[in-house]
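Okay, so the sequence shown: first residue is 58 according to our numbering, each after it adds one. Quick notes on the structure that follows.
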Amino acid sequence: MTEPSLSQQKFLAQEQRHKVQVRVCRVMLLVLFLALWELCAELDLIDSFIFSSPSKIWACFVKMSKDKTVFLHLGVTLLETLVSFLLVAVIGVGAAVALWASRGLSQVLEPYLVMLNSLPKSALAPLLIVWLGNNMRTIIVAAVSVAVFGSILTLHTGFMQTDPDKIRLIRSLGGTKRDVLTKVLIPSSVPLIVSNMKVNVGLCLVGVIIGEFLSAKAGLGYLIIYASQVFKMDLLVMSIVILCILSTVLYQVIAELEKRFL
Numbered sequence: 058m059t060e061p062s063l064s065q066q067k068f069l070a071q072e073q074r075h076k077v078q079v080r081v082c083r084v085m086l087l088v089l090f091l092a093l094w095e096l097c098a099e100l101d102l103i104d105s106f107i108f109s110s111p112s113k114i115w116a117c118f119v120k121m122s123k124d125k126t127v128f129l130h131l132g133v134t135l136l137e138t139l140v141s142f143l144l145v146a147v148i149g150v151g152a153a154v155a156l157w158a159s160r161g162l163s164q165v166l167e168p169y170l171v172m173l174n175s176l177p178k179s180a181l182a183p184l185l186i187v188w189l190g191n192n193m194r195t196i197i198v199a200a201v202s203v204a205v206f207g208s209i210l211t212l213h214t215g216f217m218q219t220d221p222d223k224i225r226l227i228r229s230l231g232g233t234k235r236d237v238l239t240k241v242l243i244p245s246s247v248p249l250i251v252s253n254m255k256v257n258v259g260l261c262l263v264g265v266i267i268g269e270f271l272s273a274k275a276g277l278g279y280l281i282i283y284a285s286q287v288f289k290m291d292l293l294v295m296s297i298v299i300l301c302i303l304s305t306v307l308y309q310v311i312a313e314l315e316k317r318f319l
């Protein structure tokens, strides 16, 4: 392998410096925001009871960490999100393949899928509670309903846009629809499937929180609702911050998997 030229080395060095500068600016922006928030609370420029403050949020986290209650609620939400995410991935790919394989089936079901995807899923939650009861199963089903219909439509649209020349080539060589599926459709759609998974993991988390708002005895959504009812703003904001961190971590995990396998 040849050594990069001087101009290439300069370009790579500039790109590296740019990445470092971006990271530093991100950290500085966060630190500045937290410092201003804390300062405004200390100087009574904002009502610390309503808006809380970083120091109070941290104290609340430390207190709940000692008795491990925060990890219990975090674990419940994470478990529900991962289960619903896996279900959405399996159902989404399976249903999209079924629609691709049957033109008649896709034409019949497409308007219903569009309608269900457009339906506000929070409207289904009370109905799911009546049908399934007040338990984790209801929350998982609610989370699946948020992401699965959009996932099916997106994947089916991507499958239908597969390179027709490759399909003709498989057909001309005597290949069956199964050969087209395994040798052309799925391999060429892996980037689309992974990209769809990055969207779905966030949607599943949204669905879990919606379900926990209405039907939960534990979880970050339960903490948010409980804290708002008893006016514990430190607990409420802490739960929201943990939720933001969790969503970012889940997205980055999928993104890292995308880099490794693609």
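Glycine included, C-beta positions come from ideal geometry on N, C-alpha and C. Remember, it's a predicted structure, so these values are computed and weren't measured experimentally.
message: Since I114 and V298 should fall inside the 8 Å C-beta cutoff, what is the C-beta to C-beta distance between them, to a whole number of angstroms?
response: 7 Å
query: Under three-state DSSP, which class holds D342?
result: For the chain, the structure presents residues 58 to 319; residue 342 sits outside this window and is missing.
task: Output the boundary residues of the alpha helix (DSSP H) element that contains L282.
output: Reading off the sequence shown, one finds Ile at residue 282, where the question assumed Leu. Taken as a continuous stretch (DSSP letters only), the alpha helix (DSSP H) holding I282 covers L277 to Q286.
Cα-Cα separation, S296 to G278: Put simply, the backbone Cα of S296 is about 8 Å away from that of G278.
- prompt: According to the Cβ coordinates, are I196 and E269 closer than 7 Å?
  reply: yes
field: Sufficient close CB pairs (3 or more, under 8 Å) joining the stretch 242-250 to the stretch 163-172
entry: no
- request: Ignoring anything shorter than 3 residues or poking outside the stretch 194-278, list the beta strand (DSSP E) runs there in chain order.
  value: none
task: Could you tell me the distance, in whole angstroms, from the CA atom of V294 to the CA atom of T219?
output: 45 Å
- request: Using the Cα positions of L69 and E313, report the straight-line distance between them to the nearest angstrom.
  value: When rounded, the distance between both Cα atoms is 22 Å.
field: D291 - containing alpha helix (DSSP H), residue span
entry: Taken as a continuous stretch (DSSP letters only), the alpha helix (DSSP H) holding D291 covers M290 to F318.
- request: Report the residue from G259, D222 and F318 whose alpha carbon sits nearest the alpha carbon of V45.
  value: Past the edges of the chain, shown from 58 to 319, lies residue 45, and the structure says nothing about it.
- prompt: So what's L93 in DSSP terms, helix, strand or just coil?
  reply: helix
- request: Report the three-state DSSP secondary structure of S109 (helix, strand or coil).
  value: The answer is coil: DSSP assigns S109 none of H, G, I, E or B.
task: Along the alpha helix (DSSP H) that carries G151, what are the first and last residues, could you check?
output: T126 to A158
- request: Tell me whether the beta-carbon of L265 lies closer than 7 Å to the beta-carbon of T138.
  value: In the sequence on display, residue 265 carries Val and not Leu. Going by C-beta atoms, V265 is nearer than 7 Å to T138.
- prompt: Taking 6 Å as the cut-off, does the CB of V263 come closer than this to any heavy atom belonging to the ligand PLP?
  reply: Among the components modelled here there is no ligand, and therefore nothing to report on the ligand PLP.
query: Given that a residue counts as buried once 16 or more other Cβ atoms are within 10 Å of its Cβ, and exposed if not, what is L231?
result: The identity of residue 231 in the sequence shown is Gly, whereas the question assumes Leu. Counting every other CB atom within 10 Å of its CB across the protein chains shown gives G231 a total below 16, marking it as exposed.
message: Which residue wins for smallest C-alpha separation from K120, given the options F142, L292, R194 and L303?
response: L292
Under the three-state DSSP convention, the category I114 falls into: In this structure, I114 counts as helix in the three-state DSSP scheme.
field: Sufficient close CB pairs (3 or more, under 8 Å) joining the stretch 126-143 to the stretch 198-218
entry: yes
- prompt: Using a Cβ-Cβ cut-off of 6 Å (strictly less than) and excluding sequence neighbours within five positions of H130, which residues of its own chain qualify?
  reply: Sequence-distant partners of H130 (beyond 5 residues in either direction) whose C-beta falls short of 6 Å from its own C-beta, in its chain, are A275, G276, L277 and L280.
- prompt: Where do the N-terminal and C-terminal ends of the alpha helix (DSSP H) with P177 fall, by residue?
  reply: Element bounds for P177: n/a, residue is neither H nor E.
message: I need the DSSP call for L184, collapsed to helix, strand or coil.
response: L184 falls in the helix class under three-state DSSP.
field: As assigned by DSSP and simplified to three states, the class of S62
entry: Collapsing the DSSP output to three states places S62 in coil.
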